[in-house]
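Just so you know, the sequences run in chain order U and R. Residues 1 to 409, numbered by the working numbering, are exactly what the first sequence covers, in order. Residues 1001 to 1409, numbered by the working numbering, are exactly what the second sequence covers, in order. What follows is a single structure, written as structure tokens, with notes after it.
There are 2 protein chains.
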Amino acid sequence: MRRGTNLGRLGDFNQAVILESIRRAPEGISRVELAGSTGLSPQTISNVVRRLLDDGIVREDRTIVSGPGKPRTVLELEGNRLVSIGIHLDPSVLSFVAMNLRGEVLRERRIEVPNLEVAAETIQLMATTVKELIAEIRIPKKHIVGVGIAVPGPVNVEDGVVLNPPLLDGWADVELVNPLRKLLRLQVIIEKDTIASAVGELWQSKEEKNNDFVFIYCGHGFGAGLVLNNDVHHGASNNAGEIGHYSTGHKSFTCEECGADDCLAAGTSYEYISNQAKERGLELPTYEIVGPEQRAEGMNRLYELAHEGNQVAKELVTETMIMVAEVAGQLANSLDVREVVFGGPQWDKVRELVEDEVREATERRFALRGVHEIETRTSELRSNVGAIGGACVVMDASLSPKATALLLR
Amino acid sequence: MRRGTNLGRLGDFNQAVILESIRRAPEGISRVELAGSTGLSPQTISNVVRRLLDDGIVREDRTIVSGPGKPRTVLELEGNRLVSIGIHLDPSVLSFVAMNLRGEVLRERRIEVPNLEVAAETIQLMATTVKELIAEIRIPKKHIVGVGIAVPGPVNVEDGVVLNPPLLDGWADVELVNPLRKLLRLQVIIEKDTIASAVGELWQSKEEKNNDFVFIYCGHGFGAGLVLNNDVHHGASNNAGEIGHYSTGHKSFTCEECGADDCLAAGTSYEYISNQAKERGLELPTYEIVGPEQRAEGMNRLYELAHEGNQVAKELVTETMIMVAEVAGQLANSLDVREVVFGGPQWDKVRELVEDEVREATERRFALRGVHEIETRTSELRSNVGAIGGACVVMDASLSPKATALLLR
């Protein structure tokens, strides 16, 4: 169905555009500058700003003297007027943040190696922790926009269900949104962790540029978040960004899921890495079954050894990350983006060791380099990107101007 | 820059939405049905329809009796009121179509194995041929929307320049749009061939569904066109869809461009295929240098043998297309689309031989299959998809409703 638009839609959209422009100007922005940046008439800006002032979301009480002209009175966000809660359900850590509209983290909480196997108990734990956080930040509940949860894929975003994440036992087809909404009486949204991370990276971007990037989330596995032309690409079922079954050209073992003997998931698995270590004379912890806890333990040992200067450990970390970077370069090439952003908890642990090799491998696989460069950089949200991403998902859903929101339902 | 919108933008957009709805209803659509499908008020529809009738783009003179109710008077396109010209600059064939707003090809022209090496002469040939086509279809020039040219990538769409296509000698940094515009005094647009094909496939789609697909263009090489959420993804430099340097896991030879020894471009090159044939006891034509003409000749011989039942030829064709399908499956998986569409001149030649294997390989690499299925199908535009795609690019640029067009410039 092709939908039209009308005046009602138009007003909401322009309000979102103006709020977005104020949000992205941490130094403040005057009404005249707003007219320039949005293309809107002074009358429209005046109407919208009055509404935002009445709602207490922005303030206009600071005057800036710059240059010889008249001092400018600037609009700024009333940061703590709107706050969202982000949760990251990661197999080895459950993290929470309370974030305000300026993107500042007011409070965070981490529960390391939580017992997640009983989903109902985890949901209860989430609710209790969120309530505690809200109490601690002392912000009235009516100013809490909602709760965003970043979860491992695949997910069913519409129904708020975690489908069957490979590393999360006890979480097949678990309804997460509805029970939490009932316990908290707040808006609750879930999003795949890699997509939430990309939403976070985009939301927090301070530059007024056209954002196009592949976000590589380095956690227990590797996944991508795709930002195309300033929009996060969610995919037909909100599960975009899977890169685990890309061929890497490096044989490891035959993957049951894709049938290839060189896919990224197999080549970066702890089973393969610890095996390779052994072949090269390095003993890493071994386990009968490698769950998230074991992988985290084993990989942390590997990183430790690499940082201490062990050559084999360094090689293995580098080879693993080169495989990831090569896939990132291929994907960036076929999407024609300008940046690859690396982030997530594992990236922080290996960055210093592999940054140059990762850049080089990404660039090598970027065949469009004759047309434009590919830049690689590290996420500004660091290892907490999942939880911050979750908080940004809620802000984004409620406040960002989306051209599609102009269309009649 | 975040831009707002206003009433002027709104009117143009709604007109485009209504025209699009009429276009996608080949059986005709009544004003009441239009209100339902677009969500617009009867008053808005009445104003826009009057304008379209005055411009002669639609007609409203046919009455349909269906069921017991009052007969419906339906709106339909006045097909030949708007016509666009599409050109496909392919290394081995230069093709032209004249297409009307209903998507019907009024006339076509093919120049096989053209001498393209002197770009200026080719541009002259294009201009002459377009003029002849326009004369033959007997449609006044004022009803010609423009000329869309599908060219091998990489391209600079904004400046109308062909950058440096690997298989097109003499076409490094060739200005194509400006000279042709001067010769024809018509709007001229270029687009990468794989993207133009995807635009064509989307424009011609008669179904009112949310289109999400990876279009695999099978020509001299293999490239993709990406349709995400009903929009063609162009990429930061309008060069999205490169898949030539994906790792396939099948070693061939080291590619100079990406450094891998298993990339798709190398594994599907005629150099590698003819070499493999020889190793398996099948003699294919060999050449000192393999240009587009030689590749076409050699591959045609291979297809011929495969169709005649030669086992080695069949194997080689199948192995080649499985590699392409596996890459398509990986890309479709990471974009979370619902369809992979195969098309282009080479697909028509191999389809019967490999359809099942291609479907199977695509599905195997689609790891999201637990969430939803991936459908593989053949393009409806067949081997002429490039030229038709070019014609659709012009129609699309001029007429399709785009939410982003609502924003103030």
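Glycine is no exception: its CB is placed at the ideal position from the N, C-alpha and C atoms.
_Nearest candidate by alpha-carbon position, reference Leu94(U), set Asp356(U), Pro26(U), Trp203(U), Met126(U)_ = Met126(U)
*Return the residues of the stretch 1220 to 1243 of chain R that lie within a Cβ-Cβ distance of less than 7 Å from chain U, sorted by chain order.*
Ala1224, Leu1228, His1233, Gly1235, Ala1236, Ser1237, Asn1239, Ala1240, Gly1241, Glu1242, Ile1243
*Could you tell me whether any Cβ in chain U is nearer than 7 Å to the Cβ of Ala1260(R)?*
yes
*Consider the Cβ of Asn300(U): report whether some Cβ of chain R lies at a distance smaller than 7 Å.*
no
*Sufficient close CB pairs (3 or more, under 8 Å) joining the stretch 342 to 357 of chain U to the stretch 374 to 391 of chain U*: yes
*Answer yes or no: do Ala119(U) and Val199(U) have a C-beta to C-beta separation smaller than 7 Å?*
no
*In chain order, what residues of the stretch 1144 to 1171 of chain R put their CB closer than 7 Å to some CB of chain U?*
Pro1154, Leu1163, Asn1164
_Residues of the stretch 257 to 285 of chain U in Cβ contact with chain R at a cutoff of 9 Å, in chain order, please._
Glu257, Cys258, Gly259, Ala260, Asp261, Asp262, Cys263, Ala265
*Contact between the stretch 1289 to 1302 of chain R and the stretch 291 to 311 of chain U: three or more CB pairs below 8 Å?*
no
_Just to check my reading of the structure: Thr1376(R) and Thr1362(R) have Cβ atoms closer than 8 Å, yes? What is that Cβ distance to the nearest angstrom?_
5 Å
*Put Asn230(U) into one of helix, strand or coil per three-state DSSP.*
coil
*Taking Cβ positions, are Gly225(U) and Ala391(U) nearer each other than 7 Å?*
no
*asked:* Given a cut-off of 7 Å on the beta-carbon distance, is the pair Arg1059(R) and Glu1033(R) in contact?
replied: no
*Cα separation between Glu1121(R) and Ala1296(R)?*
23 Å
*In the stretch 4 to 25 of chain U, which residues sit with their C-beta less than 8 Å from some C-beta in chain R, listed in chain order?*
Gly4, Thr5, Asn6, Leu7, Leu10, Phe13, Asn14, Val17, Ile18, Glu20, Ser21, Arg24
*For the stretch 13 to 20 of chain U and the stretch 388 to 407 of chain U, state whether three or more C-beta atom pairs, one from each stretch, are separated by less than 8 Å.*
yes
*So, helix, strand or coil for Ala242(U), using DSSP?*
Note that residue 242(U) is Glu in the sequence shown, not Ala. The answer is strand: DSSP assigns Glu242(U) an E or B state.
_Cβ pair Asp1262(R), His1245(R) closer than 7 Å_ = no
*Rounded to a whole number of angstroms, what is the C-alpha to C-alpha distance between Gln43(U) and Asn1006(R)?*
12 Å
*asked:* Check whether chain U comes within 7 Å of Leu1040(R), counting only Cβ atoms and requiring the distance to be less than that.
replied: yes
*Coil, strand or helix - Ala1025(R) by DSSP*: coil
*Can you tell me which of the three DSSP states Gly225(U) falls into?*
strand
*Buried versus exposed, by CB contacts within 10 Å (16 or more), Arg1050(R)*: exposed
*Cα separation between Arg1081(R) and Asn178(U)?*
54 Å
*Enumerate in chain order the residues of its own chain whose CB-to-CB distance from Ser1205(R) is below 7 Å, with the five nearest sequence positions on each side excluded.*
Asn1211
*Where Glu158(U) sits in the DSSP three-state scheme*: coil
*Could you work out which residue in Glu1158(R), Gly1028(R), Pro1091(R) is closest to Ser1066(R) when comparing CA atoms only?*
Gly1028(R)
*Does the distance from the C-beta atom of Thr448(U) to that of Gly223(U) stay below 7 Å?*
There is simply no residue 448(U) to check, as chain U begins at 1 and stops at 409 in what is shown.
*So is Pro154(U) buried or exposed if we call it buried at 16+ other beta carbons inside 10 Å?*
buried
*Output the boundary residues of the beta strand (DSSP E) element that contains Ala236(U).*
Run containing Ala236(U): none; DSSP gives neither H nor E here.
*According to the Cβ coordinates, are Ala1265(R) and Gly1389(R) closer than 7 Å?*
no
_I'd like to confirm something about Gly160(U): is its beta-carbon nearer than 6 Å to some heavy atom of the ligand GTP, or not?_
The ligand GTP is absent from the structure shown, which contains no ligands of any kind.
*Could you list which residues in chain R have their beta carbon closer than 7 Å to that of His307(U), in chain order?*
Per Cβ cutoff of 7 Å: no residues; His307(U) is ~28 Å from chain R at best.
*Would you tell me roughly how many angstroms separate the C-alpha atoms of Ile1111(R) and Phe1096(R), rounded to the nearest one?*
9 Å
*What is the DSSP secondary structure of Leu1305(R), counted as helix, strand or coil?*
helix
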